[in-house]
Amino acid sequence: MTDSDGPLSTDLLFSFARSASAEARRVAGAAQVLGLRGDPDAGLDLVWDFLASSADLTDDDLVAAAETTNLLLLWGGSVDRTTRVLDACLSRVRGPSGRGAVLLTWARSRPADFKEYCTEALAEFAAAGDVRGQAVTLARIATDHTMSKPAHRLRLATEAVTLAERLGDPWTVALCRGHLSIIETYQGEPGAMEHWPDTVRVVVAGADSGAAQTVAFNYTNWAFAKLGVGDHDGAGEIVAEGRSTAHGQAWAFRFAVQDAWVRVRLGDLAGAGAALPPDSTAAQSWNYRVAVRAAVAFERDRELDSGPLAAAYDRIMVWDPQVGCFAAGVLALTRHARREPNPGREAIDALRRVRAWPIRFGWEDALIALAVVDPDAAAVEAAEMVDLWPDNPRGLAARAYVEGLLAGDRDRLVEAADRFAALPEPVTAGRALHAAAVVAPKSGNDLRRAAMALLERCGADRSLAAVVRDRALARWSDHTPVPASQSRRTSAGLTAREREVALLAARGLTAAEIAETLGITLSTARNYILRVRTKFGGIPKRQLAKALGIDQA
């Protein structure tokens, strides 16, 4: 689930700029129109020109400019242009309430400095006696997993809601309730799912772009929550509702990607690929799209490329742990299919971050994938995660799957398949059935037939090909053929020999040393090194260790 960015509109229902001038309102409205039409940088330039036009702007005018800038950044505006405007606003604002508001926009625009800016903003709002500012800042601090212990985050979010409800401001109540629901969901609090509907009904969607932004924020996080507990049909309904409230291309993009993820879960892989929008300039949304696109590609594409998702993984994990763990799981499976060394490194990293925060929701994909690609490492991580297993339908299905894989337990794997099929999540159910078939020779082919039926229906070509290629099926005369996208190809990545060469090259051996070690000619060794570099995007030989996740220390 994601945190929100502070909105602004010409209707100042939601803004900290209560008395902005008519000109500031006009500029804010015009800039937002540009952003909504897909040109947020032009909107940022308009705000910059407004700041440069007068040396006597009031604090409310400067806050209005900062909030507009923050909104345009969310809609895909340039980071450099955003920084220029916010620097100017912060240097010119004078009163504590105004400084708090600008600092809060800075906190949302600079994730690396989030804690510092939020702490300063809270102090400024307290000095000004600004209850609204304190409520919003506390709510945003509470959703930062790196800043405090779970019980403290829950207390901060609850305090924020109390302040907001005492104030009676609809936008503030909606935002603070949304943040409290995020905390409750991630911590597995009883009744968390029942609280989500209230977060989207406080403000009438469409009242203005800022109010709609808050409602869209709550809708998208409610859909994430539904996906996390395994209510995929419900998630699809919420995404559809949320799309109708969204203002601007960035939110439309986010809901389109979320719709594609719902389709992946439901087994509509062709539909998921078609639903994905083109690349966006909004970095967070683009990273999220990479993860969903990689999940579709894993099953549907002949050639796999781990590079784009590997490059985006860390940003995704910081932005949203649930999506980050999903991305880590997809990346582990992709690396494994490509025969890359250490395929589960991001999954291990994701699980360790989850434990450090800690959260009890939405991390299962990382451990499932790790159990597939590296059972020994998964056993170690699973022992550390035992107290964090989610107690919801998808969490129970995932736990049965992981425990079945690690113990070679047919019954647990069949239980997992049944649980996933009931969500429904047919691709994962099919994979679990195939895993059960591998450890149950007597009933194996019945399980394989069931797995193939699910996977073929979903268009999960790679997983289907794995079942079809199972040697236990060799005696069948009428078995399903290998899907065309996977025919004549057992791996879309490194061959066994390329993997050997890659590992040696990554450890610093020269081509001559590799040739001697493997008993091949020097020219052959050089050709293999070139092939490996090409498969990792043409990177220099010295960067292979990093690409393969090998620690050279």
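Be aware that the sequence shown starts at 362, since it is given in our numbering, and climbs by one per residue.
The beta-carbon is built from N, C-alpha and C at its ideal position, and this holds for glycine as well.
A check of alpha carbon separations from ALA717 across ASP748, PHE687, GLU550 and ARG696 identifies ASP748 as the nearest.
Remark: three or more beta-carbon pairs, one from each stretch, lie closer than 8 angstroms, so the segment 703-710 and the segment 673-690 are flagged as touching. Taking a C-beta distance under 7 angstroms as the contact criterion, VAL446 and THR466 do not qualify as a contact pair. Here ARG892 has GLU859 as same chain residues with Cβ atoms under 7 angstroms from its own Cβ, once five neighbours each way along the sequence are excluded. Bounds of the alpha helix (DSSP H) holding ILE875 are 872-879. Rounded to whole angstroms, the Cβ separation of ALA425 and SER376 is 7 angstroms, and the two are in contact under 8 angstroms. Cα atoms of THR498 and ALA489: separation of roughly 14 angstroms, rounded to the nearest angstrom. Taken through DSSP and simplified to helix, strand or coil, ARG650 comes out as helix. The beta-carbon distance between LEU405 and ARG442, rounded to whole angstroms, is 4 angstroms. This is short enough to meet the 8 angstroms contact definition. Shortest Cα-Cα distance from GLU598 to any of LEU627, GLN574 and GLN610 involves LEU627. The closest CA to that of VAL679, considering only GLY791, ALA744 and ASN648, is found on ASN648.
Taking each of GLU526, ARG654 and ALA730 in turn and checking the Cα distance to ALA496, the smallest one comes out for GLU526. Under the criterion of beta carbons closer than 8 angstroms, TYR478 and ALA462 do not qualify as touching, at roughly 11 angstroms. By the Cβ rule, the segment 764-780 does not count as touching the segment 601-616, because fewer than three pairs are nearer than 8 angstroms. Boundaries of the alpha helix (DSSP H) around GLU742: 736-746. The three-state secondary structure of HIS795, taken from DSSP, is helix.
Inter-segment contact for the segment 416-423 and the segment 434-441 is absent: fewer than three beta-carbon pairs are separated by less than 8 angstroms. Per the coordinates, the alpha-carbon of ARG780 lies some 9 angstroms from the alpha-carbon of GLU786. Its chain contains ALA790 and LEU815 as the residues whose beta carbon lies nearer than 8 angstroms to that of ALA782, once the 5 sequence neighbours on both sides are disregarded; these appear in chain order. Shortest Cα-Cα distance from MET554 to any of ASN582, PRO719, THR695 and GLU874 involves ASN582. For VAL454, the CB contacts under 6 angstroms within the same chain, skipping 5 residues up- and downstream, are ASP420, LEU423, ARG460 and VAL463 in chain order. The beta carbon of ASP530 lies closer than 7 angstroms to those of ARG493 in the same chain, with the five residues before and after it left out. Spatial neighbours of LYS902 in its own chain (CB-CB distance under 8 angstroms, excluding positions within 5 residues in sequence) are listed in chain order as ALA866, ILE890 and ARG894.
Taking a contact as a CB-CB distance under 8 angstroms, the pair LEU433 and ALA392 counts as one, their CB atoms being some 6 angstroms apart. Cβ neighbours of THR878 within its own chain (closer than 8 angstroms, five residues either side excluded): LEU865 and LEU870.
With a cutoff of 7 angstroms on beta-carbon distance, PHE616 and ARG624 are scored as not near each other. Residue state for ASP620 is assigned as helix, using DSSP reduced to three classes.
Residue environment analysis places LYS803 among the exposed positions, since fewer than 16 neighbouring C-beta atoms fall within 10 angstroms of its C-beta.
Burial check for THR695: the Cβ neighbour count within 10 Å reaches 16 or more, so the residue is buried.
Under the Cβ criterion (8 angstroms, minimum of three pairs), the segment 505-515 does not count as touching the segment 481-488.
Here the alpha carbon of ALA761 sits roughly 22 angstroms from the alpha carbon of LEU692. Assignment of GLY595 by DSSP, reduced to helix, strand and coil, places it in the helix class. Distances from the alpha-carbon of TRP409 to those of LEU665, VAL388 and ARG700 put VAL388 closest. In summary, ASP752 is exposed, with fewer than 16 beta-carbon neighbours lying within 10 Å of its beta-carbon over all protein chains present. Taking 7 angstroms as the cut-off, the Cβ atoms of ALA798 and ALA778 do not count as close. The residues ARG773, in chain order, have a CB closer than 6 angstroms to that of GLU764 in the same chain once the five nearest residues on each side in sequence are set aside.
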